[in-house]
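All letters in the sequence shown, in the order written, are residues 39 to 483 by the working numbering. Each remark here refers to the structure printed beneath this line.
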Amino acid sequence: MRGGRISCELYPPQLTDRAMNADFTLDTARALDVADPLSRFRDQFFIPQHDGEDCIYLTGNSLGLQPRAAADALQVELDSWREHGVEGHFRGAHPWADYHERFARGLAHLTGAQENEVVAMNALTTNLHLLLVSFYRPQGKRRKILAEAKAFPSDRYALVSQIRFHHGDPATDLIELSPRPGEHTLRTVDIESAIQQAGDELALVMMGGVNYYTGQRLDMRTITAAAAEVGALCGFDLAHAMGNVPMSLHEWGVDFACWCSYKYLNSGPGAVSGIYVHERHLGLTDIPRFEGWWGHDKKRRFLMEPDFHPIATAEAWQLSNAPVLNMAVHAVALDQFLEAGIDALRERGDRLTAYLEAAIHDVAERTGAELEIITPTEVNQRGSQISLLAHGFGRQLFDDLTAAGVVADWREPNVIRMAPVPLYNSFSDLARFHAILQHCILKSH
Ligand SMILES: *Cc1c(COP(=O)(O)O)cnc(C)c1O
């Protein structure tokens, strides 16, 4: 048990006096829900059921829940197709020819970018490759990529295959940074010194903005600055950061980023990914890039000319016309974020996450079970995720929680991930979780 009191400011105000003895009764939790205006968003989602009750759904970091408005949004596009056929590209509620433009505002809000720096397109790993084509440009002895050890496998496959594509050797060109012995998360100073050490051999820093396994949020501003200092570019995979933590990618000078929209962004399984490219890389004609007709000057797209004239925005990286049926729900989901605001959501997310953390500490104290949270305790080093190790009984605990209606996820080798998502999780969910966790542990100990 990594103990210690949790900073009182994080507690919902009603709980500050009681600190570690926070009250996890359903009545207290309901009062917290009633007091928070953002609680109203929960009713805009379908909550999966278990034994006739709402599940305690804590996997919004894996697949976000379905907004109730999703089906209607899809139906609008099916109707447009039915009524207009090919003319739907230019007619209907949202003509498909510039369909992707609907997303720029929401994506700019979430990334802290300018609207010309973001675009929704393709799938995440596809976009990671497209961006690496442009931003991993090994030359002379500057060939190395710095990444985190145990990155999400798809990211590692992408990095290794890109290095091979450039005839490099992943054994020397991929630097994978691990936490210090006995620690679970990376220290910013260690990332900075790895960057300095690689120096003029470093071509690129490419890391997850929020680590999928530990839930650690990296200091993207400091890492980007350290990369620039040695002449390297810096990109982030924001799969677990988008819709979770506020960012200022433009101001921080991040070179590029990509994400998916089916996790915290609630846009549906396999839904469209997105990219961010800093303004300084836009409008260049000599940048290496794999190109397609949807990146070509919009006014001339249908002139069917042989030569490519890139759009002077991140849209230049688009290849194909918009997968409208895949994207329709994305608009609904982004509108919810624009309405709530990512800063307000993070603030609620911090309170929910602290409440879940305190609930786990409380159960560990009451039962004597060995529970260890590997997610950082500092709010600026995490978002809405708690990764829990239950030493020796993790898998059993996970299975018992699942049987009791808690939807969490298990990630090999031994972590239970839980995400209290501010758009639809409630304090009541977490009070119920507290009771179930205690019950499951008492049963098996
Ligand atoms: C979820 C996730 C992926 C998934 O990639 P897809 O191309 O969307 O299948 C990749 N990388 C990270 C870091 C992820 O969290």
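Heads up, the beta-carbon is just placed ideally off N, CA and C, and yes, glycines get one too.
- Summarising the contact set, residues whose Cβ lies nearer than 6 Å to any heavy atom of ligand 1 are, in chain order, ALA161, LEU162, THR163, PHE190, SER192, ASP193, GLY246, TYR250, ASP275, ALA277, HIS278, CYS298.
- Look at the segment 267-324 and you find these whole runs of alpha helix (DSSP H), each 4 residues long or longer: 287-290.
- In this structure, the straight-line span from the alpha carbon of GLU353 to that of HIS138 is close to 9 Å.
- If one requires a minimum length of 4 residues, the alpha helix (DSSP H) runs lying completely within the segment 202-273 are 208-211, 226-236, 258-267, in chain order.
- With fewer than 16 other Cβ atoms inside 10 Å of its own Cβ, GLY430 counts as exposed.
- For the options GLY432, MET456, PHE465, the alpha carbon positioned closest to that of CYS478 is the one of GLY432.
- Beyond the five residues adjoining it in sequence on each side, HIS127 comes within less than 7 Å, by CB distance, of PRO133, TRP134, ALA135 in the same chain, given in chain order.
- In this chain, LYS182 is not harboured by any alpha helix (DSSP H); it is covered by the beta strand (DSSP E) spanning 182-186.
- The three-state reading of DSSP puts TYR174 in coil, since its state is none of H, G, I, E or B.
- Here DSSP, grouped into helix, strand and coil, assigns TYR195 to helix.
- The three-state reading of DSSP puts TYR462 in coil, since its state is none of H, G, I, E or B.
- Burial of ASP257 is indicated by the presence of at least 16 other C-beta atoms within 10 angstroms of its C-beta.
- For HIS205 and GLY312, the gap between their C-alpha atoms comes out near 28 Å.
- Looking at ASP275, VAL444, HIS483, HIS147, the one whose alpha-carbon comes closest to that of HIS88 is VAL444.
- Looking at the DSSP output, ILE411 shares a beta bridge with LEU426.
- By the criterion of a C-beta distance shorter than 7 Å, ALA309 is surrounded in its chain by SER299, TYR300, ASN364, VAL367, HIS368, once the five residues flanking it on both sides are discounted.
- Taking a C-beta distance under 8 Å as the contact criterion, GLY281 and LEU242 do not qualify as a contact pair.
- Scanning LYS179, PRO176, LEU168, THR210 for the CA closest to the CA of ALA196 turns up LEU168.
- With distances taken between CA atoms, LEU70 lies nearest to LEU468 out of LEU468, ALA473, LEU475, HIS472.
- Relative to the Cα of ASP324, the nearest Cα in the group GLY269, ARG338, HIS347 belongs to HIS347.
- A distance below 8 Å between beta-carbons, with the five flanking residues on each side excluded, links ARG404 to the following residues of its chain, in chain order: GLN476.
- The segment 385-394 and the segment 319-338 do not touch, with fewer than three beta-carbon pairs separated by less than 8 Å.
- Pairing ARG225 with ALA236, the inter-Cα distance amounts to about 17 Å.
- Closest option to LEU341, judged by alpha-carbon separation, among TRP331, ILE349, ALA350: TRP331.
- Judged by their CB atoms, LEU101 and PHE83 are not nearer to each other than the 8 Å cut-off.
- By alpha-carbon distance to LEU145, the top candidate from SER216, LEU287, VAL114 is LEU287.
- In this structure, the beta-carbon distance from GLY98 to VAL459 falls below 8 Å.
- Fewer than three beta-carbon pairs drawn from the segment 408-422 and the segment 227-234 are found closer than 8 Å, and the two stretches are therefore not classed as touching.
- One Cα belongs to GLN356, the other to ASP65, and the distance between them is close to 51 Å.
- At least 8 Å separates the beta-carbon of ALA371 from that of LEU96.
- Listed in chain order, the non-local C-beta contacts of THR440 below 8 Å within the same chain comprise ALA446, local neighbours out to five positions each way being set aside.
- When DSSP reads this structure, MET456 sits in a beta bridge with ILE424.
- Annotated three-state conformation of ALA73 is helix, per DSSP.
- Rounded to the nearest whole angstrom, the C-alpha separation of ARG386 and ARG339 is 44 Å.
- Here ILE213 is not near ALA264, since their CB atoms are 8 Å or more apart.
- Within the segment 337-407, the complete alpha helix (DSSP H) segments of 4 residues or longer fall at 362-378, 380-405, listed in chain order.
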